[in-house]
Structure formats: C-alpha cells, structure tokens
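K.L.:
Under the UniProt record's numbering, think of the first position of the sequence shown as 1, with each following residue one higher. Got a structure for you, questions after.
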Amino acid sequence: MEPTTLVGLLAAFCTTSAFIPQVIQILKTGNTDGISLMMYAIFTTGVSLWLIYGLIMNDLPMILANLITLILACIVLGLTLYQRMADRNKMIDSGCMSSDAEHH
C-alpha cells in the first residue's frame with residue numbers, strides 16, 4: 001500500500017469515526033435537541049457529493065470515508081427528524097400546539 005493511501009485511510013478513519021459517539025448518544029438518550037437539521041441536511045448533501053467525487057476519481061480512502069460518514073450522518077438526520085416529528089405530534093395531541101389541519 002502506498003504511503004499516501006495509508007495516510008488517506010487513517011484520516012478517513014479519524015474523521016468518520018468522530019460521528020459514532022453522536023449516533024450512540026442519540027440512540028441511548030433519544031435526545032436530538034442540540035442537532036441542527038439544516039447543518040446535517042447540508043452536511044449530508046456535501047458528503048454525498050464527496051462520495052460521488054471519490055467514485056469518479058476511484059479514490060478508495062475518499063470512497064470509504066464518505067460512504068461510512070454518509071450512513072452515520074443519515075442515521076443522525078433520520079433520528080433527528082423522527083424525534084422532532086414525534087415531539088411535535090405529542091404537543092399537538094396534548095393541546096399545546098394546534099395542527100395545520102385545524103386552521104383550514
């Protein structure tokens with residue numbers, strides 16, 4: 001393995017594994033209050049584009065890092081959307097918030 005590929009793989013491991021604690025924290029607590037949906041939506045789009053770029057360039061470290069990061073980012077984004085919708089529905093059900101349907 002070439003040294004540049006090794007450095008790329010190590011960098012990919014570090015940056016990608018940084019998302020694992022966030023996913024675990026959300027799965028354990030169910031708390032997504034501190035997650036910015038806009039940031040994760042933009043980030044996930046960017047990672048998708050980096051993955052496509054890596055595929056075009058046939059760059060293994062870039063492909064692996066962005067594929068795994070995309071999966072983890074989608075998990076965080078999905079869990080955040082799910083939790084926010086569940087919280088919103090609870091508020092509507094408890095009468096703390098009116099649904100859009102009630103306004104029509």
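Glycine is no exception: its CB is placed at the ideal position from the N, C-alpha and C atoms.
Given this structure, state the Cα-to-Cα distance separating Gln83 from Glu2, to the nearest angstrom.
P.N.:
Taking the sequence shown and counting its residues from 1, one reaches residue 83 at position 83. Taking the sequence shown and counting its residues from 1, one reaches residue 2 at position 2. Using only the alpha carbons, I get a separation of about 44 Å.
K.L.:
Is it the case that the Cβ atoms of Thr15 and Ala65 are separated by a distance below 8 Å?
P.N.:
As a working mapping, residue 15 is identified with position 15 in the sequence shown. As a working mapping, residue 65 is identified with position 65 in the sequence shown. Contact: yes.
K.L.:
Could you tell me the distance, in whole angstroms, from the CA atom of Ile42 to the CA atom of Leu77?
P.N.:
Here residue 42 corresponds to residue number 42 of the sequence shown, with the count starting at 1. Here residue 77 corresponds to residue number 77 of the sequence shown, with the count starting at 1. Rounded to whole angstroms, the gap between the alpha carbons of Ile42 and Leu77 is 11 Å.
K.L.:
Sort Cys74, Ile35, Ser94 by Cα distance to Gly46 and report the nearest one.
P.N.:
Translated into positions along the sequence shown, residue 46 becomes position 46. When only C-alpha atoms are compared, the closest one is Cys74.
K.L.:
Can you look up Asp59 in the DSSP assignment and give me helix, strand or coil?
P.N.:
As a position in the sequence shown, residue 59 is number 59, starting the count at 1. In the displayed model, Asp59 falls within coil according to three-state DSSP, outside both helix and strand.
K.L.:
Whole alpha helix (DSSP H) runs in the stretch 18-50 with 4 or more residues, listed along the chain?
P.N.:
Within the stretch 18-50, the complete alpha helix (DSSP H) runs of at least 4 residues are 20-29.
K.L.:
Could you tell me whether the Cβ of Val23 comes closer than 8 Å to any Cβ of chain B?
P.N.:
Judged by its chain identifiers, the structure shown contains no chain B, having just a single protein chain.
K.L.:
Restricting to Cα atoms, I'd like to know which of Cys96, Asp87, Ile24, Leu67 is closest to Phe13.
P.N.:
Mapped onto the sequence shown, residue 13 falls at position 13. For Phe13, the nearest C-alpha among the options comes from Leu67.
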